[in-house]
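Please read the structure below before turning to the comments.
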Amino acid sequence: MDALPQTDKLIREGIAQGLHPGAQVCVWRGEECVANAAIGEARPGVAMAPDTMTLWLSSCKPITAIALAQQVEAGVVHLDDPVAEYVEGFEQNGKQDITLQHVLTHTGGFRSVVFRYPGQTWDEAIEAICGARLETGWVLGETAGYHPHSGWNILGKVLEVCTGQTLRDHLREAVLLPLGMNDSYVGLPPEGYDALEPRLAATLNTSGSAPVDQNFHTPEWSTGQRPGGNAFGPAHELARFYRAMLNGGSLDGTSLVTPDTVRHFTARHRRDTMDRTFRAVMDWGLGFMVNNQRHDAANAETHKIATPYNFGPHASDDAFGHCGNQSSAAFADPAHNLAVVVVFNGMPGEPKHQQRMHAVLGAIYEDLNLVG
4 MDALPQTDKL
14 IREGIAQGLH
24 PGAQVCVWRG
34 EECVANAAIG
44 EARPGVAMAP
54 DTMTLWLSSC
64 KPITAIALAQ
74 QVEAGVVHLD
84 DPVAEYVEGF
94 EQNGKQDITL
104 QHVLTHTGGF
114 RSVVFRYPGQ
124 TWDEAIEAIC
134 GARLETGWVL
144 GETAGYHPHS
154 GWNILGKVLE
164 VCTGQTLRDH
174 LREAVLLPLG
184 MNDSYVGLPP
194 EGYDALEPRL
204 AATLNTSGSA
214 PVDQNFHTPE
224 WSTGQRPGGN
234 AFGPAHELAR
244 FYRAMLNGGS
254 LDGTSLVTPD
264 TVRHFTARHR
274 RDTMDRTFRA
284 VMDWGLGFMV
294 NNQRHDAANA
304 ETHKIATPYN
314 FGPHASDDAF
324 GHCGNQSSAA
334 FADPAHNLAV
344 VVVFNGMPGE
354 PKHQQRMHAV
364 LGAIYEDLNL
374 VG
């Protein structure tokens with residue numbers, strides 16, 4: 004990466020240290036593609052390429068958020084509607100007052116639902132959520148805790164009820180294809196798996212003495228419905244999503260949502276709250292993470308590097324996006340007109356990942372002379 008030499012060096016050092024076999028990096032600054040790079044290996048003996056389909060894990064969550072935003076714009080749903088208005092049975096066990104906004108801000112209080120993916124069917128997953136109890140002592144809209152799976156599964160079900168489509172098909176038709184993200188999927192199509200399989204990167208657990216393939220690229224795992232984390236695609240296509248967000252919801256003449264909707268969903272709707280999952284003070288948008296660097300000092304005792312899953316040391320305060328478990332970061336930085344996507348295919352454990360991503364994201368800004 005000629006334009007990002009420090010970034011390139013850090014990623015290659017991580018390969019040498021066994022943190023990851025490879026990585027993809029895509030950075031746009033305004034209308035200029037600063038980098039669309041692939042480094043290392045996608046699988047043993049297979050080079051990572053810019054068009055390799057990497058696993059985005061939780062970095063894909065805002066795709067579902069924007070699909071829901073489209074339904075809000077159309078007047079089909081309202082953010083203060085109870086989830087139970089759309090999903091029959093969700094009201095069980097004290098959950099009758101949980102709204103769509105509560106779910107989007109992770110203040111709904113049903114984190115602990117067991118999600119046995121991929122062994123559990125989609126219908127079984129929704130049934131388990133409906134039968135779950137509101138967490139003891141949870142105050143809706145005030146108590147906060149990241150819901151890795153349950154919230155996104157139920158939002159996906161709401162979209163299915165509203166559109167009459169499977170979630171996989173709706174996200175593809177309403178968000179991905181209009182943005183030209185033709186090689187990106189939130190759940191691969193089972194009928195297309197064999198054709199796509201050679202392009203899939205393997206994601207390895209690199210936290211132990213030897214890397215272990217987690218089989219995330221197998222048909223059982225990659226073709227299921229898991230809107231909180233089973234999207235595959237090239238990093239440069241996820242960058243198109245954030246270029247659209249920077250441009251008020253549109254790209255190349257196609258509009259997904261209005262600028263007002265982008266501003267609303269990426270604003271801070273949850274402020275200065277202790278997140279019970281991350282054990283950190285964090286703000287949150289509507290399905291989007293926001294820059295939480297302002298809380299680094301408050302979180303220093305439990306998170307020495309920085310607030311977890313943030314956008315590095317130099318992103319502007321109004322940056323927004325989402326990060327994926329021990330692997331990825333994807334965000335827009337309006338102050339610098341930047342769209343940034345970094346995907347590693349090695350999961351080295353939390354401390355090493357936080358250090359790795361913090362350093363790499365910092366290096367991107369330093370390489371672009373955007374510090375200070």
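Each position in the sequence shown, counted from 1, maps to that position plus 3 in our numbering. Positions of the beta carbon are idealized from the N, C-alpha and C atoms, including for glycine. Keep in mind it's a predicted model, so treat the numbers as computed, not measured.
Would you kindly report the start and end of the unbroken alpha helix (DSSP H) that includes residue i?
| i | result |
| --- | --- |
| Glu-130 | 125-134 |
| Leu-1 | Residue 1 cannot be examined here, being either before or after the span of the chain that is shown, 4 to 375. |
| Leu-13 | 8-19 |
| Phe-244 | 238-249 |
| His-356 | 353-370 |
| His-109 | Note, His-109: premise wrong, no alpha helix (DSSP H); not H, not E. |
Would you identify the three-state DSSP class for residue i, choosing helix, strand or coil?
| i | result |
| --- | --- |
| Leu-191 | coil |
| Glu-223 | helix |
| Arg-32 | strand |
| Val-178 | helix |
| Asp-255 | coil |
| Met-4 | coil |
| Ile-2 | The structure shown does not extend to residue 2, since the chain is modelled only from 4 through 375, so no value can be given for it. |
| Glu-44 | strand |
| Val-49 | strand |
| Asn-96 | helix |
| Pro-262 | helix |
| Phe-118 | coil |
| Asp-321 | coil |
| Phe-291 | coil |
| Thr-57 | strand |
| Phe-235 | strand |
| Thr-169 | coil |
| Gly-27 | The sequence shown places Gln at residue 27, rather than the Gly named in the question. Correct three-state label for Gln-27: strand. |
| Ala-205 | coil |
| Ala-87 | helix |
| Thr-305 | coil |
| Val-79 | coil |
| Thr-102 | strand |
Cβ atoms of residue j and residue i: under 8 Å apart, would you say?
| i | j | result |
| --- | --- | --- |
| Asp-84 | Arg-202 | no |
| Ala-147 | Asp-336 | no |
| Ala-70 | His-150 | no |
| Pro-302 | His-23 | The question names Pro, but residue 302 is Asn in the sequence shown. No. Outside cutoff. |
| Met-285 | Thr-310 | yes |
| Ile-367 | Leu-7 | yes |
| Glu-44 | Gly-21 | no |
| Thr-110 | Glu-145 | yes |
| Ala-333 | Ser-62 | yes |
| Phe-235 | Met-56 | yes |
| Leu-107 | Gly-290 | yes |
| Asp-320 | Asn-294 | yes |
| Ser-210 | Gly-352 | yes |
| Gln-95 | Asp-370 | no |
Report the option in the options whose CA atom is closest to the CA atom of residue i.
| i | options | result |
| --- | --- | --- |
| Ser-331 | His-317, Arg-359 and His-339 | Arg-359 |
| Ala-300 | Gln-217, Pro-316 and Ala-41 | Pro-316 |
| Lys-307 | Ala-283, Ile-66, Gly-324 and Gly-288 | Ala-283 |
| Cys-133 | Phe-244, Gly-148 and Phe-113 | Phe-113 |
| Val-189 | Cys-165, Thr-209, Asn-156 and Thr-206 | Asn-156 |
| Gln-329 | Ser-319, Asp-320, Asp-321 and Val-346 | Val-346 |
| Pro-1 | His-220, Val-142 and Gly-25 | Residue 1 is absent from the model: the chain starts at 4 and stops at 375. |
| Thr-124 | Gln-74, Thr-226 and Gly-21 | Thr-226 |
| Ile-42 | Glu-369, Gly-17, Ala-128 and Glu-35 | Gly-17 |
| Met-378 | Gly-290, Ala-205, Thr-280 and Val-265 | Here the chain covers residues 4 to 375 and nothing more, so residue 378 does not appear. |
| Pro-222 | Ala-247, Pro-193 and Arg-246 | Pro-193 |
| Gln-296 | Phe-314, Thr-280 and Trp-287 | Phe-314 |
For the beta strand (DSSP E) containing residue i, name the first residue and the last one.
| i | result |
| --- | --- |
| Leu-341 | 341-347 |
| Phe-334 | 331-336 |
| Ala-198 | Ala-198 -> not in any beta strand (DSSP E); alpha helix (DSSP H) instead, spanning 196-199. |
| Arg-274 | 273-278 |
| Val-284 | 283-287 |
Contact criterion: CB-CB distance below 8 Å. Does residue i meet it with respect to chain C?
| i | result |
| --- | --- |
| Ala-72 | Absent from the structure is chain C; it holds one protein chain and no more. |
With a threshold of 7 Å, establish whether the CB of residue i neighbours any heavy atom of the ligand HEM.
| i | result |
| --- | --- |
| Val-343 | Judged by which ligands are present, the structure shown has none, so any question about the ligand HEM falls away. |
Quiz item: Does the region 353-370 come within contact of the region 256-270, defined as at least 3 CB pairs closer than 8 Å?
Solution: Short answer: they don't touch.
Self-check item: Stretch-stretch touch, CB-based, cutoff 8 Å, three pairs: the region 226-240 with the region 182-190
Solution: Output reads yes: the region 182-190 touches the region 226-240.
Quiz item: So does the region 103-116 actually touch the region 188-199, counting three or more Cβ pairs closer than 8 Å?
Solution: The region 103-116 is not in contact with the region 188-199.
Exercise. Tell me, please, whether the region 208-225 touches the region 138-147 by the rule of three or more beta-carbon pairs shorter than 8 Å.
Key: Counting Cβ pairs under 8 Å, fewer than three are found: no touch.
Practice problem: Give a yes or no on contact between the region 16-35 and the region 339-348, applying the rule of three or more CB pairs nearer than 8 Å. | Solution: Under the 8 Å Cβ criterion, the region 16-35 counts as touching the region 339-348, having at least three qualifying pairs.
Quiz item: So does the region 87-99 actually touch the region 64-74, counting three or more Cβ pairs closer than 8 Å?
Solution: In this structure the region 87-99 does not lie against the region 64-74, because fewer than three pairs of beta carbons, one per stretch, are closer than 8 Å.
Practice problem: Decide yes or no for the touch test of the region 156-165 against the region 224-232: beta carbon pairs closer than 8 Å, at least 3 of them. | Solution: Counting C-beta pairs with one atom in each stretch, the region 156-165 and the region 224-232 have three or more that are closer than 8 Å, which means they touch.
Practice problem: For the region 70-78 and the region 114-124, state whether three or more C-beta atom pairs, one from each stretch, are separated by less than 8 Å. | Solution: The region 70-78 is not in contact with the region 114-124.
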